[in-house]
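Here's the structure, in structure tokens; my notes come after.
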Amino acid sequence: MAIELKMPALSPTMEEGTLAKWLVKEGDSVKSGDILAEIETDKATMEFEAIDEGTIGQILVAEGTDNVKVGTVIATIAGEGEEASSSPVRTEPVEAPSLPSTPPEEKTGPSTSSGQTEERVEKPAATERASDPAIPAGTAMVKLTVREALRDAMAEEMRADDRVFVMGEEVAEYQGAYKVTQGLLDEFGARRVIDTPITEYGFAGLGAGAAMGGLKPVIEFMTFNFAMQAIDHIINSAAKTNYMSGGQMRCPIVFRGPNGAASRVGAQHSQNFAPWYASVPGLIVISPYDAADAKGLMKAAIRSEDPVVFLENELLYGRSFDVPDLPDHVLPIGKARIMREGSDVTIVSYSIGVGLALEAADSLAGEGIDAEVIDLRTLRPLDTATVLASLKKTNHLVVVEEGWPICSIASELAMVAMEQGFDDLDAPVVRVCNEDVPLPYAANLEKAALVDTPRVIAAVKAVLNRG
Amino acid sequence: MPETDRRPASNLQPLSLHIPEPRYRPGDTPDFGDIVVPAVDATPRPGEATKPDAMRDLCYGLVRVLDFDGQAKGQWDPKLSPERLRTMLRYMMLVRAFDDRMFRAQRQGKTSFYMKCTGEEATSVASTMALDRGDMCFPSYRQQGILIARDYPLIQMMNQIYSNRGDHLLGRQLPIMYSAPEHGFFSVSGNLATQYPQAVGWAMASASKGDSRIATVWCGEGSSAEGDFHSALTFATVYNAPVIFNVVNNQWAISSFSGFAGGERTTFAARAVGYGIAGLRVDGNDPLAVYAATQWAADRARTNSGPTLIEHFTYRSEGHSTSDDPSAYRPADEASAWPFGDPIVRLRQHLETLGEWDGERHEAQRAELEDLVKTTQKQSEKLGILGHGMHQPFETMFQDVFEDMPWHLKEQCAQMLAEQEAKFGPDWKPE
């Protein structure tokens with residue numbers, strides 16, 4: 051039987067990569083440990099080795115192909131005594147022969163489940179989202195990843211204002227641990243793109259001091275898990291500067307970095323701190339879903355005179371969305387966005403949960419349920435007016451949050467709905483959150499612990515009593 | 104708001120900052136000729152009870168035992184028996200064989216992540232061998248040599264890396280984040296330097312109970328910048344805690360060179376001076392020097408003479424982890440230009456010089472250890488590899504969050520199991 055070689059995950063967070071180079075060709079015999087291909091991830095170029103012995107049957111993904119999803123079959127190996135070229139045809143008579151001639155950009159592994167999930171998540175955002183009233187009608191769009199959008203936002207603000215600088219671990223020479231600061235060192239130099247010693251406590255404090263001294267720091271935490279030791283500066287210094295100085299001083303600083311669960315990085319690296327920061331007076335907390343919001347809100351965050359905690363999501367960095375092709379795309383802080391209009395139920399979320407909500411809404415539409423999806427975008431100040439207006443229309447509220455349920459944004463919204471929208475509620479508010487446990491590493495447990503689309507669908511049906 | 108473009112009214116020179124930059128980048132020819140390598144017998148060995156202020160020079164010198172011809176010399180020579188030296192060599196070779204195999208397993212997609220310690224084997228193996236088995240080690244993430252030197256079962260390490268059915272951490276932790284308290288190996292933490300104050304706390308608890316066990320802890324030179332490092336040293340000096348601090352200065356913290364932690368200004372051992380504790384700077388590629396320094400520090404701690412900070416001067420020969428590609432930020436041949444060689448080669452050479460080892464035995468041992476690792480790997484893979492099947496039953500996810508499972512987790516668990524049964528039937532089990 052032919053052995054399928056699948057695109058490997060060469061780092062815990064890799065979802066796709068570039069098949070840079072094949073080091074073997076069809077018909078070559080290989081043994082365990084031979085290097086088969088060079089694969090580029092967002093972090094590095096790595097060599098992919100053979101596990102099994104045999105002959106390379108067909109190479110199904112050509113070298114130079116970008117965005118190959120993890121799990122895509124990239125080649126086959128025929129075991130001993132098999133005809134190398136015929137085996138894939140035998141196992142997959144219809145699909146296999148046509149694959150090698152497929153143009154690279156379409157070769158995203160149509161038969162893999164991970165590829166499908168990925169596409170389903172992106173599709174509603176790209177095609178069906180309601181237009182953002184903050185963007186002029188008829189604005190041309192460009193496709194950008196969230197990673198590029200964040201970088202562009204920082205670069206534009208750095209060009210416009212010499213006071214803006216970026217500081218953090220590995221942000222300069224290495225271009226950021228997740229490559230969000232790509233190209234910034236080249237353009238702005240070491241005075242404004244600063245690699246730091248490994249001490250979040252130290253550079254968060256330094257950033258607060260520089261902000262009080264009149265600069266506009268953008269502080270990158272490699273992940274917000276590591277910001278835990280810096281939280282004193284964020285909460286006890288940055289958030290209270292204006293208030294404690296009797297309004298004389300400001301701390302215009304942005305603390306940014308990935309937040310929430312990534313993939314298989316375990317309990318200490320997979321946590322959503324949004325509700326923590328959102329509970330603190332004096333802080334602005336932003337947590338965007340798509341690239342347009344990431345860009346527009348990052349620019350607004352840098353311009354803000356208030357300290358901003360800007361919570362990104364590692365799994366969203368590589369996803370592409372339409373971004374307005376405007377010279378200065380800035381969005382208002384504190385405004386939620388209706389991502390999809392609907393009349394039966396309101397699904398509210400933020401960050402990666404918005405993708406799940408949109409996917410659920412798509413699926414529910416097929417069953418005659420018309421869901422409205424709201425992306426909060428800013429968590430403090432919270433745009434309760436948009437949520438309450440939607441609730442008035444749909445009379446049902448479900449909150450989706452990739453995070454723990456207790457003392458969450460979801461529980462806050464449930465309280466808002468009860469206090470200010472009680473008469474509009476036809477059913478109790480339901481929250482769809484992660485399991486109330488530290489996030490396990492093992493793939494099956496991790497999957498079981500995190501929110502997903504089926505859970506959102508089930509919750510909506512329960513709220514509408516349409517089991 | 105303050106105006107930043109305001110210039111001083113006087114004609115004083117404007118202030119400026121220094122941005123550290125490593126001397127060599129990809130394409131450059133590295134030359135470490137200016138690194139001072141003191142003679143093997145140049146560094147005196149003070150008594151274990153010596154007051155820190157009488158031994159400050161040791162923070163700026165280099166404890167060495169093996170010269171580059173394989174001879175052991177000087178006051179620091181621990182004079183280990185040939186049998187003990189062979190054991191040390193074997194452990195280091197096993198670490199390397201294990202690293203090579205598991206790195207390749209990651210490249211074959213069998214696990215998501217791995218970290219090698221190539222070139223740094225002595226800093227954990229020789230150090231651990233100088234301790235008592237009951238002493239508690241607080242590792243960073245590159246100290247697999249501790250487990251190997253304490254004869255921890257290889258298969259348990261592999262099961263953890265594969266997160267398979269045999270993983271006694273139940274699929275909850277990242278690969279290589281071992282936890283083996285019964286082997287005196289505290290759980291690896293993914294957050295840097297958190298182990299430092301915890302090791303001091305453990306050591307103080309040991310003293311408070313009147314126990315005789317000491318604690319020892321590792322971090323990299325990069326994470327010596329963390330606040331935790333400095334808090335730990337403060338507490339250790341205030342309470343004279345029985346603890347050994349190891350800073351493995353392998354020159355690189357991912358792509359940030361040691362200059363970003365202050366290495367351009369002084370040594371890492373010299374951090375001890377400001378805190379008033381003993382400091383030793385050691386050739387980290389010389390297993391006998393590492394052993395001797397650790398033994399000195401352990402004796403000191405065990406006799407209530409105080410804590411010691413040991414800087415292991417070494418070089419990270421490979422990438423930071425399987426997610427890193429060092430050719431992007433440093434010359435590919437920098438490791439081979441490192442003036443202190445390779446710890447395994449140096450110990451082998453010493454044993455051969457003594458007439459206690461030869462090329463044939465070395466090759467045979469290398470093959471035997473590679474075989475051992477391979478065989479163990481096969482056994483481990485029978486219990487599963489990452490991403491193939493459901494190795495951990497669902498209910499394990501809710502266990503150990505608290506001592507007693509609270510009612511809401513019991514409910515969640517029951518609900519999940521009911522869904523599982525509805526989907527797959529009552530007899531379904533994870534493969």
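As you go down the protein sequences, you meet chains F and B in turn.
Be aware that the first sequence starts at 51, since it is given in my numbering, and climbs by one per residue.
Be aware that the second sequence starts at 104, since it is given in my numbering, and climbs by one per residue.
Here a beta-carbon is modelled for each residue, glycine too, at the ideal position from N, C-alpha and C.
Rounded to whole angstroms, residue 295 of chain B and residue 322 of chain B show a C-alpha spacing of 8 Å. Look at residue 291 of chain B here: in three-state DSSP terms it is coil, with no helix or strand label. Contact fails between the stretch 337-346 of chain B and the stretch 354-369 of chain B, because fewer than three Cβ pairs, one in each stretch, are under 8 Å apart. Short of 6 Å from the beta carbon of residue 173 of chain B, and not among the five residues preceding or following it, lie these beta carbons of its own chain, in chain order: 452, 453, 456. Counting only residues of its own chain and dropping the five nearest sequence neighbours on each side, residue 241 of chain B has a CB closer than 8 Å to the CB of 289, 298, 299, 301, 302, 305, 318, 319, 320, 321.
Taken in chain order, the whole alpha helix (DSSP H) runs of length 4 or more contained in the stretch 108-149 of chain B number zero. Annotation: Cβ neighbours of residue 224 of chain F in chain B (cutoff 7 Å, chain order): 357, 358, 432. Taken atom to atom, the span from the alpha-carbon of residue 162 of chain B to that of residue 412 of chain B is near 9 Å. Taking the CA atoms as reference points, residue 310 of chain F sits about 22 Å from residue 332 of chain F.
The continuous beta strand (DSSP E) containing residue 104 of chain F extends over residues 104-109.
Proximity of the stretch 463-473 of chain F to the stretch 292-310 of chain F falls short of the contact definition, fewer than three beta-carbon pairs being nearer than 8 Å.
Going by DSSP, residue 507 of chain F is part of the alpha helix (DSSP H) stretching over 503-513.
Closest in alpha carbon position to residue 293 of chain F, among F:357, F:490, F:386, is F:357. When the beta-carbon positions are compared, residue 452 of chain F and residue 458 of chain F stay at least 8 Å from each other.
About 6 Å separates the beta carbons of residue 476 of chain F and residue 446 of chain F, which is inside the 8 Å limit, making them a contact pair. Just so you know, the alpha carbons of residue 214 of chain F and residue 296 of chain F end up roughly 25 Å apart. In the three-state reduction of the DSSP assignment, residue 162 of chain B falls in the helix class, which pools H, G and I. Among the bridge pairs identified by DSSP, residue 362 of chain F is matched with F:308. Residue 525 of chain B counts as exposed, since fewer than 16 other beta carbons sit within 10 angstroms of its beta carbon. The beta carbon of residue 232 of chain B sits closer than 7 Å to the beta carbons of 191, 252, 394 from its chain, once the five residues preceding and following it are set aside; these are given in chain order. A Cβ of chain F is located within less than 8 Å of the beta carbon of residue 293 of chain B. Note on geometry: alpha-carbon atoms of residue 339 of chain F and residue 84 of chain F lie some 41 Å from one another. Within its own chain, the residues whose Cβ lies closer than 7 Å to the Cβ of residue 422 of chain B, once the five positions on either side in sequence are excluded, are 428, 429, listed in chain order. Residues of chain F whose Cβ lies closer than 7 Å to the Cβ of residue 511 of chain B are, in chain order, 486. In the three-state DSSP reduction, residue 457 of chain F falls in the coil class, being neither helix nor strand.
For the pair residue 327 of chain B and residue 381 of chain B, the CB atoms are not nearer than the 8 Å cut-off.
Residue 158 of chain B has a beta carbon lying at 8 Å or more from every beta carbon in chain F. A residue is called buried when at least 16 other Cβ atoms come within 10 angstroms of its Cβ; residue 236 of chain B does not meet this threshold and is exposed. Per the C-alpha coordinates, the member of B:378, B:218, B:238 positioned closest to residue 333 of chain B is B:378.
One alpha carbon belongs to residue 282 of chain B, the other to residue 272 of chain B, and they sit about 8 Å apart.
The stretch 473-488 of chain B makes contact with the stretch 204-216 of chain B: 3 or more CB pairs, one atom from each, lie closer than 8 Å. In terms of beta-carbon proximity, residue 491 of chain F lines the interface with chain B, with at least one pair separated by less than 8 Å.
Flagged as an interface residue toward chain B: residue 319 of chain F, by a C-beta distance shorter than 8 Å. Here residue 274 of chain F is buried: its Cβ has 16 or more other Cβ atoms, across all protein chains shown, within 10 Å. In the assembly as shown, residue 254 of chain F is a buried residue. Its beta-carbon has 16 or more other beta-carbons within 10 Å. Interface residue (Cβ-Cβ distance to chain F less than 8 Å): residue 519 of chain B is classified as such.
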